[in-house]
Structures are given as C-alpha cells and as structure tokens.
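Engineer: Please see the structure below; I have some questions.
Protein chains: 2
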Amino acid sequence: MAQNIYDDAGFFAEYSRLPRSIDGLRAAPEWPSLRAMLPDLHGKRVVDLGCGFGWFCRWARESGAAHILGIDVSEKMLARAIEETRDAAITYVRSDLETLELPVAAFDVAYSSLAFHYIEDFRGLAANIRQALVENGRLIFSVEHPIYTAPSEPTFVRNSAGRATWPLDDYLDEGPRSTDWLAKRVIKHHRTLATYLNALVDARFSILCIDEWGPTPEHIAAHPDWADDHQRPPFLLMSARR
Amino acid sequence: MAQNIYDDAGFFAEYSRLPRSIDGLRAAPEWPSLRAMLPDLHGKRVVDLGCGFGWFCRWARESGAAHILGIDVSEKMLARAIEETRDAAITYVRSDLETLELPVAAFDVAYSSLAFHYIEDFRGLAANIRQALVENGRLIFSVEHPIYTAPSEPTFVRNSAGRATWPLDDYLDEGPRSTDWLAKRVIKHHRTLATYLNALVDARFSILCIDEWGPTPEHIAAHPDWADDHQRPPFLLMSARR
C-alpha cells in the first residue's frame, strides 16, 4: 500500500500553498509538454490516476472528453476536487493505485501526473492500466525523473567553478527513498528509466515518446530560481500506445 | 564528420592496452547484457557499425551468421581486424558512420558497441540503419550513458559521508564534449536518453528493451575498482525492431 502523505495535515497544508495547487495546470511548467502528448479528447473516456484536486479532470472535460474518472488515495484532495467540480461527466473515486482494479477496456486515455513514483509495483500497475485501455488507447504520464529520485543526498552541490551539480549516486539501487519534502519522511519509490520503459514494453505497450523535462532558457529568464533544474531533468514524461 | 581519434598514434597505443582490446568480448563486462539482446544469428546478415578489431564480427560468424559486414572509420583498427580474421564471410569496409550510405534492406541485424556517441547526427544514422534492415530486423547497440557523457567535470566527487557521487550537470545541453580519455581532446557527442529513444521511434523502430548497465555486486566483488560505476550507469544498451 502506498504511503498516503497527502492526508497528513501538515503536508496537505504545505502542498495546498504550492503554485500548482492554487493555479492548477497553468502553474505547472511541464504541463504544456504533457498536454502535447495527449490525443484529441473529444468524446473520449479518460481516467486520471492520482487526480489530486481534479484540475486535469476539469480540463479534460472542457477539452471535450465524454467521461472522466478521477482516482486518488487522498480523502482531503478528493474532497476539494468534488467541491470544485460541477459536472456529472466527472466521477471521483478514492482508491490506492497500488491495489486498484480498473475495469476492462473501459478507457481511451489513461493519464497521470506525478503520482507513479509513490507506487512500489509499477510493473503491476502498467499491466492493470493496459487491460483497462481499449486497443490503440493511450497512456500519458509524468513522474519525478529517476535522476531526481536516486541520490542519497538530493541537494545541489556547487563545484569548484561555482556551478550547481547534482550529486548522483545509488541510481541503480531501486527502492524507497525517504525525503523531507513539505513534510518529514515522504516515501517515494526510485526506479530507473529502464525499469519504467521495460515495464511498459513487457505489458505490451508501444513507446511513442519520452521527454526528460527541464526548464528552458525562457522559463529560467522568467523564474531565475529554476536555473539549477536545467542541470538535470526533474521530471520524466512518457507516452505509450496499447 | 566524426573525429577519428582511433587513428591517433598515442590514443591507439593506449586503447590497444585496454583489457577489451587484448581479450575482446569476454573482457567487456557489459557484453553478456548486450549479447542477451541479440536474436539467433544463424543464417543472418549482420552489420557491425564501429567494428574496431573485429571481435564481434568473428563472434557473430562463430554463432552462425551467414555474412558479416564490419564498418569502422579507423584504418589502424581495420588493419588489425583484417589481420586477425580468416573468413570469407566477414567483410571489412572503412567508412565514417556520419556519412556512410548503407544498402537498402540488406541486413537482418545491425549491431554497434560504444560507437554512436562519436556521431553527431544520430537521427540521420537511425534512419539510415532502418532502411538498411529488412522488415522485423533488429538494431542492438551500446553507447556511453548520457548520464556519463553529460557533466562539465566528469569525475566522481566524495560527499560528506565519503561516498562517490557523480557531479551531474549540463544533462539537457546536448552537443560535443571534449574529454581527456587515453588522449587529449577526445570528442564525444552528448545527447539525452530521450533523444536516443525518440530518434528511434521517429525512424519507425519499435523499442524492445533498454538496459542502463552498471556493474553488479558480483562484478564489484571481482573488480573492487569498479564500485563507483555502480553509482551511475556508464553504458546504455538498446534493442529495437524495424
């Protein structure tokens, strides 16, 4: 069972203050890249795995999706999602992605933003998603990049030239990582990029595209504090077809 | 045009002293993983892109391949390959992979070991290889891992706990890297893992498997000086199907 840190009162309060919690998708710098991977949603059945406050569910509906199922393990997040959604075509369900059983061939598009790195058994989840998609259905998701989740001390270090370097170690040692991010002892599951990709191939997905997302010079000009994130990608985006 | 460092007398002398130059495939620790990606070679037509001393060409022939074409830009390496090969089914050709034009649908298997990171235009090379393969043909190759090629100062740094960390920076800045490896100013071309993968997908390859290769605990027990390489993968292996 995945750690449900989002229902920790302190974490939830901190998370609720992040720009992406206040302003939604437009405050997520990787969103345009993730959106570019999505097919046309008109008339489509969509599942959002780790839907949080429901920003993507509402966007998908505005983009023409016929029905959207939002799933999240956090009671607090779903409460706000339900409160902010007035649309019978959007359904929210509370469930742990680690144990959830999705219905067979029920969706055209499976989407997930920054949720799968909380899941230990990605291989099982990939198989679960595959059987829930129709033939030719799409899986589009983002996770924290394995380069980002790997290190034993995940903090930039200045080198002799004063440049920010990311002290990579433990990359090949998969497993839980406990970090202090908004709260103490948040558990994320590190796995390599190869493991993400091979799990999808083994579940008989065709890989369409990956994006090792980092801020562009334009982003950095607007947000100088993002400069270090250009040294190594914070996010990994993937698109695959059943 | 790719830098032809292998014909530099000093580099060649140093390279010739490496275990893999003396003992061939069995001295290359990543070879078993690369071999595991290969299909049965019996009766197959194989091209080895960057064949060096011809170790793989001879192994492929012993493994039943019907014909093997070995291509390399280095005159010195090909001279030794020819000298050590007595088999009419193996042909060597001197050519720069950057400008080489491969024949159409002429091969069942394209193989390359640690050569493509010398090539600037991987996208062009991927398209070139694809048209040279028959339908369902395979491309199996290794390169230096992008995590390995990226940094401005590619040397392990001990952290406060005394652990070896790899000071990753510049990962998203693709382009040439000049390193002092066996000789001064060896030029390798850094590109992200996403660029390798997306170039293959865009050339209409199906990705079968990737391996972010690093030494296992068993390797390290036998070669304690390889321990640091476990912190971040030195090699990236990929397998794709036309």
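As they're listed, the protein sequences go chains R and H. So for the first sequence, my numbering puts the first residue at 1; every next one is plus one. So for the second sequence, my numbering puts the first residue at 1001; every next one is plus one. Virtual Cβ for every residue (Gly too), placed ideally from N, Cα, C.
Is Val1201(H) helix, strand or coil by DSSP?
Structural biologist: Val1201(H) falls in the helix class under three-state DSSP.
Engineer: Pull up the distance between the alpha-carbon of Val1046(H) and that of Arg1138(H), whole angstroms please.
Structural biologist: Looking at the two C-alpha atoms, the distance is approximately 10 Å.
Engineer: For Leu1069(H) and Ala1150(H), I'd like the C-alpha separation in whole angstroms.
Structural biologist: When rounded, the distance between both Cα atoms is 32 Å.
Engineer: Compare the C-beta of His223(R) against all C-beta atoms of chain H and say whether one is closer than 9 Å.
Structural biologist: With 9 Å as the cut-off, His223(R) does not count as an interface residue toward chain H.
Engineer: Can you tell me whether Glu1144(H) is buried or exposed? The criterion is at least 16 other CB atoms within 10 Å of its CB, across all chains shown.
Structural biologist: With 16 or more Cβ atoms within 10 Å of its Cβ, Glu1144(H) is classed as buried.
Engineer: In this structure, how does DSSP classify Leu34(R) when only helix, strand and coil are distinguished?
Structural biologist: Here Leu34(R) sits in helix by DSSP.
Engineer: I'd like to know if Thr192(R) contacts chain H, where contact means its C-beta is closer than 9 Å to some C-beta of that chain.
Structural biologist: At least one chain H Cβ lies under 9 Å of Thr192(R).
Engineer: For the alpha helix (DSSP H) containing Trp1166(H), list its first residue and its last residue.
Structural biologist: Not the alpha helix (DSSP H): Trp1166(H) falls in the beta strand (DSSP E), residues Ala1164 to Leu1168.
Engineer: For the beta strand (DSSP E) that contains Pro1176(H), what are its first and last residues?
Structural biologist: Unbroken beta strand (DSSP E) run through Pro1176(H): Gly1175 to Thr1179.
Engineer: Buried or exposed for Pro234(R), going by 16 or more other Cβ atoms inside 10 Å?
Structural biologist: Burial call: buried.
Engineer: Using a Cβ-Cβ cut-off of 6 Å (strictly less than) and excluding sequence neighbours within five positions of Trp55(R), which residues of its own chain qualify?
Structural biologist: Once the five neighbours on either side are set aside, the close Cβ partners of Trp55(R) are Gly24 and Leu25.
Engineer: Distance check for Leu1208(H) and Ala88(R), CA to CA, integer angstroms please.
Structural biologist: The straight-line gap from Cα to Cα measures roughly 41 Å.
Engineer: Just the chain R side, please: which residues come within less than 8 Å of Glu1212(H) by C-beta, in chain order?
Structural biologist: Neighbours of Glu1212(H) on chain R, chain order: Tyr171, Leu172, Thr192, Leu193 and Ala194.
Engineer: Looking only at its own chain, which residues have a Cβ that is under 6 Å from the Cβ of Leu102(R), when we skip the five neighbours before and after it?
Structural biologist: Cβ within range, chain order: Asn128 and Ala132.
Engineer: Between which two residues does the beta strand (DSSP E) holding Glu144(R) run?
Structural biologist: Note, Glu144(R): beta strand (DSSP E), Leu133 to Glu144.
Engineer: Hey, out of Asp169(R), Asp211(R) and His230(R), whose CA is closest to His219(R)'s CA?
Structural biologist: Closest option to His219(R), Cα to Cα, is His230(R).
Engineer: Which class does Cys1051(H) belong to by DSSP, given the choice of helix, strand or coil?
Structural biologist: Coil, per DSSP.
Engineer: What does Ala240(R) pair with, by DSSP beta-bridge criteria?
Structural biologist: Partner(s): Leu139(R) and Ile207(R).
Engineer: Strictly under 9 Å for the Cβ-Cβ distance: is Asn1136(H) near chain R by that measure?
Structural biologist: Asn1136(H) does not count as touching chain R.
Engineer: Closer than 7 Å, Cβ to any Cβ of chain H: which residues of the segment 6–26 of chain R, in chain order?
Structural biologist: Flagged: no residues at all.
Engineer: Hey, Leu237(R) and Ile210(R) are a contact pair by Cβ (cut 8 Å); roughly how many whole angstroms apart?
Structural biologist: That belief holds up - the Cβ atoms of Leu237(R) and Ile210(R) are roughly 7 Å apart, short of 8 Å.
Engineer: Can you confirm whether His189(R), when its beta carbon is compared against all beta carbons of chain H, has any partner nearer than 9 Å?
Structural biologist: False, the Cβ-Cβ gap to chain H never drops below 9 Å.
Engineer: Quick one, which of Ala1222(H), Val1109(H), Asn1136(H) and Pro1215(H) has its alpha-carbon nearest Arg1232(H)'s?
Structural biologist: The shortest Cα separation from Arg1232(H) among Ala1222(H), Val1109(H), Asn1136(H) and Pro1215(H) belongs to Pro1215(H).
Engineer: Does Ile207(R) have its Cβ less than 9 Å from a Cβ in chain H?
Structural biologist: Yes, its Cβ sits closer than 9 Å to a Cβ of chain H.
Engineer: Would you mind telling me which residues of chain H sit closer than 9 Å to Val157(R), beta carbon to beta carbon, in chain order?
Structural biologist: Within 9 Å Cβ-Cβ: Val1157, Asn1159, Thr1165 and Pro1167.
Engineer: Just the Cα atoms here: how many angstroms apart are Arg94(R) and Val109(R)?
Structural biologist: Those two C-alpha atoms are separated by around 19 Å.
Engineer: Give a yes or no on whether the C-beta atoms belonging to Ala1105(H) and Glu1135(H) are separated by under 9 Å.
Structural biologist: Going by C-beta atoms, Ala1105(H) is nearer than 9 Å to Glu1135(H).
Engineer: For the segment 41–128 of chain R, which segments carrying the beta strand (DSSP E) assignment without a break, of at least 3 residues, lie completely within its bounds, in sequence order?
Structural biologist: Counting only runs of 3 or more, we get 45–49, 67–72, 90–94 and 107–113.
Engineer: For the segment 1112–1135 of chain H, which residues have a beta carbon sitting closer than 9 Å to at least one beta carbon of chain R?
Structural biologist: Residues: none.
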